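In our numbering, the protein residues as written are 2 to 105.
Even for Gly, the Cβ is constructed at its ideal location relative to N, Cα and C.
Treat the numbers as computed from the prediction; the structure is a model and nothing was measured.
These notes concern the structure reproduced below.
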């Protein structure tokens with residue numbers, strides 16, 4: 002599946018805890034539905050070529066947006082050990098402020 006990244010796009014993080022800041026090494030994505038799925042803490046997650054996500058997560062989740070500018074290659078980088086397609090998930094190089102946008 003092709004995932005396009007927009008330099009000025011919205012970055013998301015999904016978690017099962019309430020946060021105000023992400024720690025260095027946390028994962029972010031521009032794929033909102035992927036962040037939503039990860040917020041439920043699945044042990045198994047997959048998606049098909051059309052972007053339909055399946056997972057076994059059951060926990061209450063929280064969806065966040067990154068609440069400050071993000072520079073690709075400086076603040077974030079491609080997850081080096083992902084099993085997902087290119088551009089699906091990125092790791093952060095520094096703490097980033099987040100804003101809660103939805104309880105799931």
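- Under the three-pair Cβ rule at 8 Å, the region 79–87 does not count as touching the region 56–69.
- Under the DSSP assignment, residue 33 falls in the alpha helix (DSSP H) whose first and last residues are 33–40.
- Judged by their CB atoms, residue 66 and residue 11 are nearer to each other than the 7 Å cut-off.
- According to DSSP, residue 6 shares a beta bridge with no other residue.
- With fewer than three CB-CB distances shorter than 8 Å, the region 3–10 does not count as touching the region 20–27.
- DSSP lists 73, 93 as the beta-bridge partner residues of residue 77.
- Residue pairing for residue 55: DSSP places it in a beta bridge opposite 47.
- A buried status is given to residue 15, since no fewer than 16 other beta-carbon atoms sit within 10 Å of its beta-carbon.
- Here residue 89 really is in contact with residue 4; their C-beta atoms are around 6 Å apart, less than 8 Å.
- In the three-state reduction of the DSSP assignment, residue 62 falls in the coil class, being assigned neither a helical nor a strand state.
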